[in-house]
Amino acid sequence: MLYVVVMGDKVKISGIYDSRKTGRRGNIYDRNKVLVATDLKTKSLYISSVLIKDANAMASGLSQIFPELSFQEISKKISDGKNSKQWILIRRNLTPLQVEEVKKMKMAGLLFEDDMIRVYPQKSIASHYVGYVDLDRKGLAGIEMQYDRLLSQNQDLYLAMDVRVQDILSDELYNGFEKFKAKAAAGIVMDVNSGEILALSSLPSFDANIQSEAQADQRFNRITGGVYELGSVMKIFTNALAFEKDLVKLSDIYSVSEPIKYGRFSIKDHDRGDPEMSVLKIFTESSNIGTVKIAEKIGASNQKEFLSKLGFLKKMEVDFPGLGRPISPKIWRDINLYTISYGHGIAITPLHFARAVSAIVNGGYLPELSFLKADQHSRGENVISEQTSQTMRFMMRKVVEEGTGKNANVIGYEVGGKTGTAERAEYGGYNEGQNFVSFVAIFPISKPRYMVYVIFDRPNYIFNTAGMVAAPVAGMVVKNIAPLLGVKPKINP
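The sequence shown begins at 261 in this note's numbering and counts up by one.
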């Protein structure tokens with residue numbers, strides 16, 4: 261509906277310029293019916309040059325109400341509209357105060373049109389999950405883009421997101437981002453059995469209400485779109501496959517005292533520990549040398565087949581836009597077998613990783629991921645046995661109790677996990693001074709329900725390892741969300 265302001269009186273105009281009337285867009289709620297996106301009625305301002313009596317006075321008055329528009333810009337709009345029946349847009353979605361200020365001008369030629377603006381109550385907290393729309397409320401990212409057609413038909417959506425969990429993940433991730441002076445960070449919380457995504461965060465972030473002011477780096481979703489060599493967290497899959505193929509036992513001993521040479525490559529451990537380690541200790545202490553020796557038993561073809569089964573060799577089929585495509589070797593040689601066993605030489609999205617880890621700990625079933633709340637969930641493809649899953653849960657608990665992930669331990673909640681510290685891939689090589697660190701936490705590990713996975717890109721702290729940077733952040737997230745999710749602490753007598 262359009263209104264023209266003439267000497268302070270509103271005169272209703274109908275049937276002249278009604279082509280851009282907008283209908284209601286569906287609301288978006290979290291799983292507990294908390295509103296995360298909605299429409300708000302506003303007014304937009306136009307001018308009709310043929311009705312204007314004093315162009316200079318109008319340009320002067322409007323430039324004071326809208327400081328971002330100069331006197332010259334408004335004057336040009338008025339001049340360009342001379343001898344035209346078309347109305348010229350001055351500003352969309354005025355605030356109530358701006359509407360009142362325009363009315364006080366009491367000048368002919370000013371016209372209001374009813375409009376709508378999309379509002380995000382959580383601002384930057386959920387921007388990478390919910391996404392955002394353009395000025396005409398067309399979805400450009402996230403859920404807004406994925407379900408644009410439904411939302412534009414006034415269909416409401418209920419997300420798998422829990423705003424309480426989203427808020428905690430966002431806060432703890434930001435605290436770590438600042439403390440460890442990282443270039444970027446991201447995190448995800450999901451139900452390892454249903455595949456529901458309870459929270460997703462990426463830093464640096466932006467306020468979805470003013471997304472037009474955000475830089476590309478702020479808009480980028482590192483969980484769904486980023487493709488990374490994740491480092492030692494990938495040892496989870498190497499060990500799971502070795503146990504699934506019955507190639508190793510927890511007590512098997514390997515020599516890890518000497519680097520492994522392969523052509524011009526030398527694979528070594530960053531921290532020299534015992535000269536000999538059991539399979540369990542190789543995992544808890546994150547030995548690259550020991551992991552490569554386990555991988556040698558697996559073989560390249562078995563490794564490739566297993567990673568393919570986990571979905572690591574193709575883009576994910578998930579209802580979310582902007583998904584990253586993995587990067588893997590065209591030819592799987594021995595050197596690829598070795599480096600991939602400890603998380604180099606293959607790049608995947610954190611979303612790929614989160615889904616696959618869920619299968620490793622939930623009894624062996626690869627869940628179908630869901631960003632929407634669902635009452636029923638399919639079990640997914642079986643990728644490992646319950647026995648292998650049980651062994652991996654035991655090993656991941658030991659990582660937190662005795663190994664590199666001790667800083668993620670939360671008393672009472674039986675956290676299991678794995679650290680990952682990778683040298684950042686740059687310009688065809690690796691930058692030893694730039695780390696990509698992450699930690700995956702499962703709780704309660706004895707009967708897994710939830711997973712927290714956090715990543716930090718190029719932290720600049722005293723110690724830039726996953727155990728010192730990512731593990732404590734994951735632990736804080738677990739500590740704060742567990743009570744909200746109904747996970748009762750286990751108190752030892």
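Every residue, glycine too, gets a C-beta built ideally from N, C-alpha and C.
A Cβ-Cβ contact shorter than 9 Å links I702 with V452. Under the DSSP definition of a beta bridge, G676 partners with I702. Nearest neighbour of F466 by Cα position, chosen from E361, I457, A476 and D506, turns out to be A476. In this chain, N353 is not harboured by any alpha helix (DSSP H); it is covered by the beta strand (DSSP E) spanning I348 to L354. Pairing F480 with M405, the inter-Cα distance amounts to about 14 Å. Taken atom to atom, the span from the alpha-carbon of V493 to that of F326 is near 52 Å. Taking 4 residues as the minimum length, the alpha helix (DSSP H) runs contained wholly in the region 381–442 are 387–390, 402–406, 408–412 and 423–439, in order along the chain. A contact is defined here as three or more CB-CB pairs under 8 Å, and the region 532–552 fails this definition with respect to the region 607–620. Separation of V425 and L744 (C-alpha to C-alpha, rounded to the nearest whole angstrom) is 8 Å. Under DSSP, E536 shares a beta bridge with S515.
The beta-carbon separation of A442 and R684, rounded to 12 Å, does not stay under the 8 Å limit for a contact. In this model, F503 and A555 are separated by some 11 Å (Cα to Cα). The count of Cβ pairs closer than 8 Å, one atom from the region 389–408 and one from the region 363–375, stays below three, leaving the stretches out of contact.
When G486, A445 and D422 are compared, the shortest CA-CA separation from N292 is found for D422. In the three-state reduction of the DSSP assignment, T298 falls in the strand class, which pools E and B. Burial check for K521: the Cβ neighbour count within 10 Å stays below 16, so the residue is exposed. The Cβ atoms of T609 and L583 sit closer than 9 Å to each other. Burial check for D506: the Cβ neighbour count within 10 Å stays below 16, so the residue is exposed.
In the structure shown, I722 falls within a coil segment according to DSSP collapsed to helix, strand and coil. Contact annotation: the region 716–734 does not touch the region 629–645, with fewer than three C-beta pairs closer than 8 Å. By a beta-carbon distance limit of 8 Å, D579 does not contact F525. Their separation comes to about 40 Å. Per DSSP, the unbroken beta strand (DSSP E) holding A445 starts and ends at A444 to D451. Taking a C-beta distance under 9 Å as the contact criterion, K658 and G727 do not qualify as a contact pair. Assignment of beta-bridge partners to E683 by DSSP yields N695. Annotation for V712: the continuous beta strand (DSSP E) segment containing it runs Y710 to D717. Residue state for I671 is assigned as coil, using DSSP reduced to three classes.
Under the DSSP assignment, D375 falls in the beta strand (DSSP E) whose first and last residues are L370 to V379.
Put simply, the backbone Cα of P381 is about 11 Å away from that of L300. Distances from the CA of M656 to each of A607, M711, L629 and G603 were compared; the closest alpha carbon is that of M711. If you draw a straight line from the Cα of P464 to the Cα of E489, it comes to about 20 Å.
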